[in-house]
Amino acid sequence: MKAIIPVAGAGAKLRPHTYTQPKALIPIAGKTILSFIVDQLHEGGIKEFIFIVGYLGEKIEDYVKFAFPHLTCHFVQQAERWGTGHAIELTKNLVGNDEVFVALGDTICEYDVKEVLNSPYSMLGVKKVEDPRQFGIAEIDGNGFIEHVVEKPAIPKSNMALVGLYKIKETEFMYGCLHHLFTENIKTNGEYSLTDALDYMIQRGASFKAFKVKNWFDCGKKETLLESNATLLKKSGGNVKVNHEYKGTIIIPPVSIAPNCTIKDSIIGPHVAIGANTIINQSIVRESIIGSYTNLFEVVLDNSLIGSDASVKGLSRSLNIGDNTEIEFG
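Per the numbering used here, residue 651 is the first one in the sequence shown, and the count goes up by one each step.
Spelled out as structure tokens, the structure:
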């Protein structure tokens, strides 16, 4: 089985960070979004990955080659972003007749990966949501089989949202249904949707079973990214205990601090993730994500997302600052 991970999106809701960094490489709980996905699938037994890249794709490729040298990785360029259906169709020659597992590049979920991969059925991940109009949704019968999937319906008939995890056994059938979308120019919201192709497969006789994910961590915008960071840090316990070596500093777990950081006379935590080689002095930081090679001096940060190579001096409460930024509060 091969894994397909589309990571070509521009991540507009996470700007300014995604002006200089692909969304999949945004840090969260001591890792990147992409590393959570790849590690999870590799632990489930997948060793070959296809990454669909576009915007800042060279950074994705460099990161994957450095972080996962033990895996077989391919990179497919999506020059025009015409939707997830178009993205998946670009992988046809690399997949052949092999089964595939598609995981959208901003989807971190908790589920039994091995159980899903070993299932005799094609599978779609779902999670109950309050407002299904914002998502693709699945209509499921009493035996757990999916009768219909639709992308962002105006009048939903189900509150089970598709979370962006798809195990496809009949790949040749899938690519044929994707081709049908293109030849008939079937679009949803101006894009060729993978959801539409899957629904066409179901209406033509393909069997898909739903699997419920335990947790679905939203990494699409600043507020939900910080919430997901806090939840994942709680689950992992962070990587820094109270007995630390940061002079004059109080650590309030859970906290994740990458190597080679210098922290003095500060209060860090709870729910803070700090990138490598960052310097923090005389500051208070809580409920925040701080990038690598960043310098914080005499600041109070709460619910903040700070990029890499940034410098913040003075006093603030809540910030959303991209990479390569310098700010001084007088």
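In this text, a Cβ means the ideal position worked out from N, Cα and C, and glycines have one as well.
CA-to-CA distance, residue j to residue i, given in whole angstroms
| i | j | result |
| --- | --- | --- |
| A856 | R665 | 39 Å |
| Y842 | S954 | 35 Å |
| V750 | P656 | 13 Å |
| F699 | P803 | 31 Å |
| A717 | E711 | 10 Å |
| S958 | K742 | 36 Å |
| Q728 | K709 | 15 Å |
| N879 | P677 | 9 Å |
| H798 | R731 | 25 Å |
| L767 | F725 | 23 Å |
| K704 | I738 | Reading off the sequence shown, one finds Gly at residue 704, where the question assumed Lys. Cα to Cα, the separation comes out at about 13 Å. |
| E801 | H830 | 17 Å |
| M824 | M651 | 15 Å |
| S968 | V949 | 10 Å |
| K663 | V714 | 24 Å |
| L754 | R936 | 29 Å |
| Y771 | R854 | 16 Å |
| D781 | G870 | 16 Å |
| V688 | C827 | 27 Å |
| F979 | F947 | 10 Å |
| K697 | L684 | 15 Å |
| P672 | L951 | 24 Å |
| Y896 | V905 | 13 Å |
| E765 | I654 | 18 Å |
| H692 | T722 | 11 Å |
| P903 | N931 | 19 Å |
| Y943 | N970 | 17 Å |
Distance CB(residue i)-CB(residue j) smaller than 8 Å
| i | j | result |
| --- | --- | --- |
| M810 | I836 | no |
| V763 | V813 | no |
| I913 | N889 | no |
| G972 | H667 | yes |
| A926 | N910 | yes |
| S938 | V962 | no |
| G735 | L844 | yes |
| I934 | S916 | yes |
| A679 | L815 | no |
| T821 | D748 | yes |
| I852 | I924 | no |
| F867 | Y761 | no |
| E789 | K807 | yes |
With 16 other Cβ atoms within 10 Å as the buried cut-off, status of residue i
| i | result |
| --- | --- |
| G661 | buried |
| K885 | exposed |
| G887 | exposed |
| G746 | exposed |
| T682 | buried |
| K872 | buried |
| D849 | buried |
| F686 | buried |
| G941 | buried |
| G792 | exposed |
| F785 | buried |
| I900 | exposed |
| I999 | Because residue 999 is not part of the residues shown, which for the chain are 651 to 980, the question remains open. |
| P719 | exposed |
| G898 | exposed |
| G919 | buried |
Residues that DSSP places opposite residue i in a beta bridge
| i | result |
| --- | --- |
| C723 | F699 |
| M810 | K778 |
| E834 | None; E834 has no bridge partner. |
| D952 | R936 |
| H798 | E789 |
| K681 | I678 |
| K963 | F947, E978 |
| M651 | Beta-bridge pairing links M651 to no other residue. |
| M773 | K817, K859 |
| W732 | W732 is not bridged to any residue. |
| P656 | I702 |
| V890 | None, per the DSSP bridge assignment. |
| C759 | W866 |
| T912 | I929 |
| E841 | T838 |
| V750 | K652, I818 |
Any non-hydrogen atom of the ligand MG closer than 7 Å to residue i Cβ
| i | result |
| --- | --- |
| T944 | In the structure shown, the ligand MG is absent, as is every other ligand, since no ligand is present at all. |
Rounded Cβ spacing between residue i and residue j (contact assumed at less than 8 Å)
| i | j | result |
| --- | --- | --- |
| I702 | L740 | 6 Å |
| N865 | C759 | 7 Å |
| M773 | F832 | Going by Cβ atoms, the distance from M773 to F832 rounds to 25 Å, so no, they are not a contact pair. |
| I818 | V776 | The Cβ separation is near 15 Å, so there is no contact. |
| A674 | D756 | 7 Å |
| G733 | A658 | No, G733 and A658 are not in contact; Cβ-Cβ is about 10 Å, not under 8 Å. |
Below-8 Å beta-carbon distance, residue i vs any chain B residue
| i | result |
| --- | --- |
| A860 | Given the protein chain composition of this structure (a single chain), no chain B is represented. |
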